[in-house]
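A.B. asks: Quick one: the structure is below, and I'll ask about it shortly.
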Amino acid sequence: MKYLNKRNILLIVVLVFAFSSIVIGAEGEVNLYTNRHYDTDKLLLDKFEEQTGIQVNVLKGGSDELIEKIIREGESTSADLLITADAGRLHRAKTKGLLQPVENETLFNNIPKNLRDTENYWFGLTVRGRVIVYSKDRVDPSELSTYGDLTDEKWEDRILVRSSSNIYNQSLLASLIAIHGEEWATEWAAGVVDNMARKPQGNDRAQATAIASGEGDIAIMNTYYLGKMLNSSNPEEVKVAKQLEIFFPSQETTGTHINVSGIGLTKYAKNKENAIKLMEYFSSVEAQEMFAKANYEYPVNPNVEPSELLSSWGEFESQDINLSKLGENNTKAYMIFNRVGWK
Ligand code: FE
227 MKYLNKRNIL
237 LIVVLVFAFS
247 SIVIGAEGEV
257 NLYTNRHYDT
267 DKLLLDKFEE
277 QTGIQVNVLK
287 GGSDELIEKI
297 IREGESTSAD
307 LLITADAGRL
317 HRAKTKGLLQ
327 PVENETLFNN
337 IPKNLRDTEN
347 YWFGLTVRGR
357 VIVYSKDRVD
367 PSELSTYGDL
377 TDEKWEDRIL
387 VRSSSNIYNQ
397 SLLASLIAIH
407 GEEWATEWAA
417 GVVDNMARKP
427 QGNDRAQATA
437 IASGEGDIAI
447 MNTYYLGKML
457 NSSNPEEVKV
467 AKQLEIFFPS
477 QETTGTHINV
487 SGIGLTKYAK
497 NKENAIKLME
507 YFSSVEAQEM
517 FAKANYEYPV
527 NPNVEPSELL
537 SSWGEFESQD
547 INLSKLGENN
557 TKAYMIFNRV
567 GWK
């Protein structure tokens, strides 16, 4: 009994408490893998916990990294939910067998049909547009019209856009395939390549910077990057963004290309019931405003107004297709980019 001194007894008591609280705590907790990294998300999760008593554990990572992690973990994955950007990526998670369908009236009511998977494997939570951003000094918005118009010779050496290896461009082209067919989409991609100001390089923000430095006059970009740059802590980014304006293409015709960040229940979720409660919460009026605002995106829930900045950009018509098409046409888009030499 020489080990049963005061210090060791205290240690044992502490260990027993710690262990039991882990076991009790783990019961019903929801594990969320997410590419989001906003302080406001933490506030939302605290509110959710307050209302439901369900604790949420968050693992943050890059979108592709998290998908790879869930593949590696297989049946023993601790992820109940995956949040990632782009319908093309959500579709990839679905086809790789990482997700399971959710039949849920609250989600069906809060999230428009075109912004969720046709078989309910994933649900959009926030919307972004892939738009044309232009130089206020060098471009008159009356020159701009449709995505198709970007192949016009007036844009020769003036278009900035990132590489085709990026999912945002793959999804944009996938949407154009869905709307206009493969032949049209191939000619379009080839025409844009002809008008590029430089070889594709950098991310969306880098295209904005290249407009400011005069390398090109218009860029294909996601809406939220302009919001981020306008509100950046880096004065250089603010300066760049102030020289730019957003144009929503194809308003009179097929609508502006939109995409989502979305959520899916993992196939091997251990806490299915509570995970679905969290999905419902994210789609609710209470959560949507804050959730979308954090990344300068539009809420999916039609009962929630976009933030002031986004409202100031005006309302716009979006493409009238189910976003599942973006994933379904991804391979075709990839092949077209290769064929036309869009690096
Ligand atoms: Fe992004």
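The sequence shown finishes on residue 569 if you use the working numbering, and the numbering steps up by one all the way, no holes. A virtual CB, placed ideally from N, CA and C, is assigned to each residue, including glycine. As the structure is a computational prediction, the values presented were derived from the model and not from experiment.
Secondary structure at Arg356, three-state DSSP: helix, strand or coil?
C.D. replies: DSSP places Arg356 in strand when its eight states are reduced to three.
A.B. asks: Taking Phe474 and Thr482 to be in contact with their CB atoms under 8 Å, please state how far apart those CB atoms are, rounded to whole angstroms.
C.D. replies: About 4 Å; that satisfies the 8 Å criterion.
A.B. asks: Taking its Cβ as the centre, do 16 or more other Cβ atoms sit within 10 Å of Pro525, making it buried, or is it exposed?
C.D. replies: Pro525 should be labelled buried.
A.B. asks: Say yes only if the C-beta of Asp383 is nearer than 8 Å to one or more non-hydrogen atoms of the ligand FE, and no if none qualify.
C.D. replies: False, no ligand heavy atom lies under 8 Å from that Cβ.
A.B. asks: Enumerate, from N- to C-terminal direction, the unbroken alpha helix (DSSP H) stretches of 4 or more residues contained entirely within the segment 448-474.
C.D. replies: The segment 448-474 contains these whole alpha helix (DSSP H) runs: 449-456, 461-468.
A.B. asks: For a test of the three-state rule: what should DSSP assign to Leu324, helix, strand or coil?
C.D. replies: The answer is coil: DSSP assigns Leu324 none of H, G, I, E or B.
A.B. asks: Is the beta carbon of Arg262 closer than 9 Å to that of Asp309?
C.D. replies: It is worth fixing the name first, because residue 309 is Ile in this sequence and not Asp. Result yes, Cβ atoms of Ile309 and Arg262 sit closer than 9 Å.
A.B. asks: Could you name the residues that DSSP lists as bridge partners for Leu258?
C.D. replies: Partner(s): Val284, Leu307.
A.B. asks: Cutting at 6 Å between CB atoms, please list the residues of its own chain near Ser572, excluding the five before and the five after it.
C.D. replies: The first residue shown for the chain is 227 and the last is 569, placing residue 572 beyond what the model contains.
A.B. asks: Beta strand (DSSP E) containing Leu549: first to last residue?
C.D. replies: Looking at the DSSP string, Leu549 is not in any beta strand (DSSP E), and its letter there is neither H nor E.
A.B. asks: When you compare only the Cα positions, how much space is there between Ala423 and Trp381?
C.D. replies: Roughly 9 Å separates the two Cα atoms.
A.B. asks: For Tyr450, which of Gly279, Thr557, Thr352, His317 has the nearest alpha-carbon?
C.D. replies: The shortest Cα separation from Tyr450 among Gly279, Thr557, Thr352, His317 belongs to Thr352.
A.B. asks: Considering only residues of the same chain and omitting the five flanking positions on each side of Glu463, which have a CB-CB separation below 7 Å?
C.D. replies: Same-chain partners within the cutoff: Met455.
A.B. asks: Whose C-alpha, out of Glu369, Ile296, Met561, is nearest the C-alpha of Asn257?
C.D. replies: The shortest C-alpha separation from Asn257 is found at Ile296.
A.B. asks: Sorted by chain position, which residues of the same chain lie with C-beta nearer than 6 Å to Lys320's C-beta, five sequence neighbours on each side aside?
C.D. replies: So the list reads Tyr347, once near-sequence residues are dropped.
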